[in-house]
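Protein chains in written order, with the working numbering: chain A, 157 to 315; chain B, 130 to 898. For glycine and all other residues, C-beta sits at the position ideal for the given N, C-alpha and C. These numbers come from a predicted model, not from an experiment. To start, the structure itself, in structure tokens.
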Amino acid sequence: MSQKAAITLSINGRDYSIGVEPRRTLADAIREDCGQTGTHIGCEHGICGACTVIVNGEPVRSCLMFAVQADGKKIRTVEGLAQGDKLHPMQQAFMDHHGLQCGFCTPGFLMLAVGVLEREPDISDENLIDVLSSNLCRCTGYQNIIKAVRAAAKEMRKG
Amino acid sequence: MTWVGRAIRRLEDPALITGQGRFTADAAAVHWVRFVRSPVAAGKLRSIGSPDGAIVVTAADLKGVKKITPMLHKFNYKPVGQPVLADGTVRFIGEPVAAVVAASEEEAEDIVDRVELSIDEMASVADARAALDASAPQVHTEAAGNVILEGKVKTPDFDAAWNNAYRIVKVDARSRRQNATPMEPRGGHATYDVATGRVTLTCTTQMPHLTRTAICDVLGIPESDLRVIAPDVGGGFGQKMSLASEYVVLVWLARKLKSSVAWTEDRRENLIAGFHSRDQYITLEGAFDRNAKLLALRTDIVSNVGAYSCFPTTCGVEPLMAMAEMPGPYDVQQYQCLARGVMTNTCTMAPYRGVSRPVITFALERLMDKAARAFSLDPIAIRRRNLIDRFPYKSAMGLEYDEATYKETLEMAVKAIDVPAFRKRQAEARAKGRHLGIGFATFSERTGYGSPAFAARGMEITPGWETVIITVDPSGFVEARIGSSPHGQGLRTTLAQIIADEIGVTPEMIKVVHGDTDRAPYGWGTFASRSLVISGGATLIAAQKIRTKLIKMASQLLEAAADDIVLADGTAKVVGTDKAIAITKLAREAYTQTHRFKGEIEPGLTETGHYDPPGTFSNACHVAIVDVDVETGHVKIEKFLVAEDAGRIINPMIADGQVHGGIAQGIGNALFEEIIYDDNGGILTATLADYLPPTAHEIPPIELHHIETPSVNSITRAKGLGEGGTIGAPAAIINAVNDALSPLGVEIDEMPATPQRIRAAIRNAEKAA
Chain A
157 MSQKAAITLS
167 INGRDYSIGV
177 EPRRTLADAI
187 REDCGQTGTH
197 IGCEHGICGA
207 CTVIVNGEPV
217 RSCLMFAVQA
227 DGKKIRTVEG
237 LAQGDKLHPM
247 QQAFMDHHGL
257 QCGFCTPGFL
267 MLAVGVLERE
277 PDISDENLID
287 VLSSNLCRCT
297 GYQNIIKAVR
307 AAAKEMRKG
Chain B
130 MTWVGRAIRR
140 LEDPALITGQ
150 GRFTADAAAV
160 HWVRFVRSPV
170 AAGKLRSIGS
180 PDGAIVVTAA
190 DLKGVKKITP
200 MLHKFNYKPV
210 GQPVLADGTV
220 RFIGEPVAAV
230 VAASEEEAED
240 IVDRVELSID
250 EMASVADARA
260 ALDASAPQVH
270 TEAAGNVILE
280 GKVKTPDFDA
290 AWNNAYRIVK
300 VDARSRRQNA
310 TPMEPRGGHA
320 TYDVATGRVT
330 LTCTTQMPHL
340 TRTAICDVLG
350 IPESDLRVIA
360 PDVGGGFGQK
370 MSLASEYVVL
380 VWLARKLKSS
390 VAWTEDRREN
400 LIAGFHSRDQ
410 YITLEGAFDR
420 NAKLLALRTD
430 IVSNVGAYSC
440 FPTTCGVEPL
450 MAMAEMPGPY
460 DVQQYQCLAR
470 GVMTNTCTMA
480 PYRGVSRPVI
490 TFALERLMDK
500 AARAFSLDPI
510 AIRRRNLIDR
520 FPYKSAMGLE
530 YDEATYKETL
540 EMAVKAIDVP
550 AFRKRQAEAR
560 AKGRHLGIGF
570 ATFSERTGYG
580 SPAFAARGME
590 ITPGWETVII
600 TVDPSGFVEA
610 RIGSSPHGQG
620 LRTTLAQIIA
630 DEIGVTPEMI
640 KVVHGDTDRA
650 PYGWGTFASR
660 SLVISGGATL
670 IAAQKIRTKL
680 IKMASQLLEA
690 AADDIVLADG
700 TAKVVGTDKA
710 IAITKLAREA
720 YTQTHRFKGE
730 IEPGLTETGH
740 YDPPGTFSNA
750 CHVAIVDVDV
760 ETGHVKIEKF
770 LVAEDAGRII
780 NPMIADGQVH
790 GGIAQGIGNA
800 LFEEIIYDDN
810 GGILTATLAD
820 YLPPTAHEIP
830 PIELHHIETP
840 SVNSITRAKG
850 LGEGGTIGAP
860 AAIINAVNDA
870 LSPLGVEIDE
880 MPATPQRIRA
890 AIRNAEKAA
């Protein structure tokens with residue numbers, strides 16, 4: 157056990173002032189210290205991407221970032237995607253195209269896809285598949301995720 | 130308008146896409162548990178040294194806790210017990226030896242690193258064939274020669290058929306070991322209620338009731354003292370249907386500490402100790418007549434079952450399913466099989482989506498392609514000559530196949546993929562040094578089977594039936610409580626569709642409740658492509674009873690003949706009149722106005738359905754087109770096409786999703802995924818950088834074609850389809866790889882066909898030439 161550091165995580169526009177050990181991952185801090193359990197942990201070694209969140213506009217594997225590294229940065233998680241009852245186009249597209257089954261990897265895929273499309277709205281199909289290959293899904297076989305993200309990309313470009 | 134047959138959106142999704150799903154690891158606990166695991170494959174445990182002040186629970190503390198001892202009453206099965214924490218002997222790397230309890234997960238993990246294990250390491254064996262050698266170390270004294278069970282069968286006229294054969298074709302098939310790899314690893318959270326003395330265990334299980342039964346048996350406590358909840362479960366694929374000994378420890382600890390304790394498995398634990406599967410050697414020989422018609426099959430199945438026998442299926446699940454279903458979709462009445470379960474110092478084997486059938490289909494389909502070559506036939510022609518085409522068909526093992534479309538799906542796939550066009554393209558590519566190949570796999574998928582099928586295996590526990598209780602409450606909303614325990618299959622939606630059609634309300638008014646032993650009736654859970662058939666059947670039975678009662682009530686209140694009443698659009702209507710009453714009103718009156726039914730109708734609106742069907746066979750033909758880079762051994766799947774028949778489809782979107790997901794796992798099986806042990810039982814694949822489930826890059830678009838042959842063995846007419854994707858895909862892909870490499874004289878009968886294996890095969894062929 158080591159000394160706890162006082163940090164502030166800004167998650168979906170709300171500030172959480174918490175004390176964490178320097179070794180605490182951002183994923184654990186989001187889930188356990190801030191109670192936002194929509195971000196899931198699948199491998200803790202940066203392969204599966206279930207814990208993907210958006211930090212200062214970039215998709216990040218929150219299991220590979222320490223919470224102290226995110227101090228003061230703007231973090232977005234799946235809980236912040238919808239505006240009230242209005243789903244984000246990416247969430248709607250995942251429902252419409254059956255882009256999820258058990259739902260465990262889904263928050264990570266949503267944040268990955270939203271983060272990338274916000275940065276690169278006109279991403280090519282080939283690059284999109286490259287990007288989506290960063291995360292693992294064991295249920296869907298990916299085809300419906302790809303369809304959903306393409307459909308959401310269209311919606312987001314309109315929007 | 131009916132709801133069944135429509136691709137309605139899933140009722141499960143709104144919570145899951147907004148981060149509001151409730152998974153086991155989401156709940157906080159007072160105490161956190163980490164397990165000390167064996168660092169060696171075999172040894173005598175001399176001592177466990179705990180750091181001062183730490184809570185470290187070992188087998189010595191668990192007095193009175195029984196071993197987990199699943200039972201089979203056939204096939205010379207040797208009961209082998211697994212202590213929930215290793216008791217004196219360790220048998221595989223990753224076996225739980227002690228539980229450390231601390232105030233946080235990190236602290237518990239720090240203590241685990243400081244626990245000192247003194248183990249006298251012994252010789253170990255990891256490979257099943259090596260374990261059969263007379264000089265091999267014995268994993269359990271109870272299982273002499275490491276054989277824990279032996280299934281044998283030989284049909285009476287086998288020898289005559291064999292001796293009359295024109296040609297014998299043989300394949301030595303090897304399937305390497307896999308891990309089902311659900312994205313959510315296992316985990317449990319047990320909390321003690323001081324007032325009642327009850328423990329609630331929330332865990333990532335596919336079978337909550339049986340988990341309760343098993344833990345209470347092992348701990349010797351009444352089942353009323355334990356509630357098991359399967360909340361949202363992040364994929365299971367079979368891995369979460371076997372009892373985790375860790376859960377027993379959690380319940381024991383919650384009772385001991387009178388508090389809450391939680392354990393979240395990490396990925397390394399899951400990969401080394403979260404159950405494995407598919408580690409088999411199959412030698413298969415087919416005896417063919419002059420016309421390439423199969424006369425007899427002979428097979429030797431060696432299944433590596435690991436260090437213990439899984440509960441509830443026992444480790445017989447792989448070898449015995451292979452034995453029972455080996456003849457697959459082919460018409461062959463003479464059959465000889467020896468199927469052995471062999472114990473090794475490796476992680477325990479448990480069912481994984483498809484259970485053995487990906488391996489037997491791989492062996493059979495390789496056999497068919499080899500036979501086609503031997504007879505100078507094409508792979509389609511030999512299948513045409515041998516596929517079953519009369520129903521009901523009784524297999525050599527006595528299984529009754531209901532009507533299916535083995536030949537029709539083959540023809541459908543052949544037409545859709547346009548074989549002549551491919552062969553032309555293949556020839557052109559070959560001229561330019563590119564190696565394209567096409568591979569077929571036709572298979573049967575036994576689904577939705579009831580208790581007799583499990584009894585035939587001699588299982589002490591015979592899952593099979595399901596119960597569903599439907600209540601229309603005074604608000605008019607509907608609740609269906611089910612014993613199945615879906616975890617991604619969309620059953621809340623499909624069962625609601627079945628109910629909606631029967632009682633005339635919309636699916637949104639129907640909530641399906643599952644995964645809580647306090648709320649749901651006893652049931653077996655979700656596995657073996659059973660839930661839609663069996664739980665769906667029980668749902669239909671209960672819904673029909675609700676329908677009958679609603680009609681009876683409406684007939685009294687509307688003073689009309691029951692036959693004249695229809696339930697639709699939320700209303701009971703008298704046909705041809707404007708007389709009608711809302712179903713919500715009928716529901717209300719069933720509770721609040723019972724005097725109006727003159728004592729002829731029982732109060733309330735709850736009905737129960739039970740269903741225990743004989744089982745029904747789905748079928749499909751998978752076709753893969755691959756492009757093999759002979760320089761690197763890399764396989765690119767250009768196209769994957771499926772023609773499948775799973776009976777009546779309740780929700781096409783969900784059905785297609787199951788097929789897609791299964792195929793993705795099958796592609797992993799065929800090309801990438803392999804748990805590797807070294808000769809000392811050391812496991813080399815303990816991260817997802819070493820064990821490789823496919824990503825979006827590796828999965829091609831999948832083209833699906835459907836036939837719907839309603840099943841007479843299923844009252845909803847639906848067949849199961851959860852496993853088919855995993856069953857057919859590996860065989861189709863490896864047949865395609867073989868087709869691609871055929872000009873080089875290469876044959877690959879091992880999966881996964883990794884780049885290294887493909888390169889080695891090419892090098893060997895070059896040397897031989």
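_Quick check: is the beta carbon of Ile611/B nearer than 8 Å to any beta carbon in chain A?_
Taking Cβ atoms only, chain A never reaches closer than 8 Å to Ile611/B, which makes this a no.
*Is it true that the CB of Ile302/A sits closer than 8 Å to the CB of Leu288/A?*
In this structure, Leu288/A sits near Ile302/A, with a CB-CB distance shorter than 8 Å.
_Where Tyr172/A meets chain B, residues with beta-carbon distance less than 8 Å_ = In chain B, no part has a C-beta under 8 Å from the C-beta of Tyr172/A; the shortest such distance is about 16 Å.
*Going by the beta-carbon positions, is the gap between Gly790/B and Pro360/B smaller than 8 Å?*
It is not a contact, given that the beta carbons lie outside the stated cut-off.
*Rounded to whole angstroms, how far is the Cβ of Met312/B from the Cβ of Arg294/A, which I believe are closer than 8 Å?*
Rounded to whole angstroms, the Cβ separation of Met312/B and Arg294/A is 5 Å, and the two are in contact under 8 Å.
_Rounded straight-line distance, which links the Cα of Gly874/B to that of Arg552/B_ = Roughly 18 Å between the two C-alpha positions.
_Bridge partner(s) assigned by DSSP for His763/B_ = Within the DSSP secondary-structure output, His763/B pairs in a beta bridge with Asp758/B.
_Start and end residues, alpha helix (DSSP H) containing Val548/B_ = For Val548/B, the enclosing alpha helix (DSSP H) has its first and last residue at Val548 to Ala560.
_Contact the region 281 to 293 of chain B vs the region 240 to 257 of chain B: 3+ CB pairs below 8 Å_ = Between the region 281 to 293 of chain B and the region 240 to 257 of chain B, the count of Cβ pairs shorter than 8 Å is below three; the stretches do not touch.
*Is the CB-CB distance between Phe569/B and Pro487/B below 8 Å?*
Cβ distance not < 8 Å, so Phe569/B and Pro487/B don't count as in contact.
_Sequence ranges, alpha helix (DSSP H) only - wholly within the region 815 to 873 of chain B, length at least 4_ = Taking only runs of at least 4 residues, the alpha helix (DSSP H) segments lying wholly in the region 815 to 873 of chain B are 853 to 870.
*Within 8 Å (strictly less), CB to CB, does Glu311/A reach chain B?*
No, Glu311/A does not count as interfacial toward chain B.
_Start-to-end residues for the alpha helix (DSSP H) that takes in Trp381/B_ = First-last of the alpha helix (DSSP H) with Trp381/B: Ser374 to Leu386.
*Put Val194/B into one of helix, strand or coil per three-state DSSP.*
If DSSP states are grouped into helix, strand and coil, Val194/B belongs with coil.
*Integer Cβ distance of Ala170/B from Asn809/B, believed to fall under 8 Å*: Taking the Cβ atoms as the reference, Ala170/B lies roughly 6 Å from Asn809/B, within the contact range of under 8 Å.
*Please classify Tyr535/B: does DSSP put it in a helix, a strand, or coil?*
DSSP places Tyr535/B in helix when its eight states are reduced to three.
_Helix, strand or coil at Thr706/B according to DSSP, with G and I counted as helix_ = Coil.
*Can you give the beta carbon distance from Val471/B to Leu261/B, rounded, assuming they're within the 8 Å contact cut?*
Taking 8 Å as the upper bound for CB-CB distance, Val471/B and Leu261/B are in contact here, some 6 Å apart.
*Could you tell me whether the Cβ of Phe152/B comes closer than 8 Å to any Cβ of chain A?*
It does; some Cβ of chain A falls within 8 Å.
*Would a C-beta distance cut-off of 8 Å place Cys476/B and Phe221/B closer than the cut-off?*
Yes; because the gap between Cβ atoms is below 8 Å, this pair is in contact.
*Nearest to Met452/B by alpha carbon, out of Tyr206/B, Gln462/B, Ala468/B and Gln463/B?*
The residue with the shortest Cα to Cα distance from Met452/B is Ala468/B.
*chain B contact residues for Thr181/A, given Cβ-Cβ distances below 9 Å*: Here the premise fails: no neighbours, minimum Cβ distance about 10 Å.
*Where do the N-terminal and C-terminal ends of the alpha helix (DSSP H) with Tyr720/B fall, by residue?*
DSSP places Tyr720/B in the uninterrupted alpha helix (DSSP H) bounded by Ile712 to Thr721.
*asked:* Would Gly744/B and Thr576/B qualify as a contact pair, given that the criterion is a beta-carbon distance under 8 Å?
replied: When the beta-carbon positions are compared, Gly744/B and Thr576/B come within less than 8 Å of each other.
*Is it right to say Pro178/A is buried, meaning 16 or more other beta carbons lie within 10 angstroms of its own, or is it exposed?*
That one is exposed.
*Three-state secondary structure (DSSP) at Asn433/B?*
In the three-state DSSP reduction, Asn433/B falls in the strand class (E or B).
_Which residue marks the beginning of the alpha helix (DSSP H) containing Leu355/B, and which one marks its end?_
Counting along the chain, Leu355/B falls outside any alpha helix (DSSP H), though it belongs to the beta strand (DSSP E) covering Leu355 to Ile358.
*Does DSSP classify Gln409/B as helix, strand or coil?*
In the three-state reduction of the DSSP assignment, Gln409/B falls in the strand class.
_For Glu987/B and Cys466/B, I'd like the C-alpha separation in whole angstroms._
Residue 987/B lies beyond the stretch modelled for chain B, which goes from 130 to 898, so this question has no answer here.
*Is the Cβ-Cβ distance between Arg586/B and Leu850/B less than 8 Å?*
No. Outside cutoff.
*Separation of Ser218/A from Met267/A, as counted between CA atoms*: Straight-line measurement puts the Cα of Ser218/A at about 11 Å from the Cα of Met267/A.
*asked:* What does the Cβ neighbour count give for Pro277/A, buried or exposed, with the cut at 16 atoms within 10 Å?
replied: Pro277/A counts as exposed, since fewer than 16 other C-beta atoms from the protein chains shown sit within 10 angstroms of its C-beta.
_Taking 8 Å as the threshold (beta carbon to beta carbon), is Gln257/A in contact with chain B?_
Cβ-Cβ to chain B under 8 Å: yes for Gln257/A.
_Cβ-based contacts, 8 Å cut-off: residues of the region 235 to 253 of chain A near chain B_ = Of all residues in the region 235 to 253 of chain A, only Glu235, Leu237, Ala238, Leu243, Gln247, Phe250, Met251 and Asp252 place a beta-carbon less than 8 Å from a beta-carbon of chain B.
*asked:* Less than 8 Å between the beta carbons of Ala753/B and Ala861/B, yes or no?
replied: Taking 8 Å as the cut-off, the beta carbon of Ala753/B is found closer than this to the beta carbon of Ala861/B.
*Which residues, taken in chain order from the region 288 to 315 of chain A, show a beta carbon closer than 9 Å to some beta carbon of chain B?*
Going along the region 288 to 315 of chain A in chain order, one finds Leu288, Ser289, Ser290, Asn291, Leu292, Cys293, Arg294, Cys295, Thr296, Gly297, Tyr298, Gln299, Asn300, Ile301 and Ile302 with a Cβ nearer than 9 Å to chain B.
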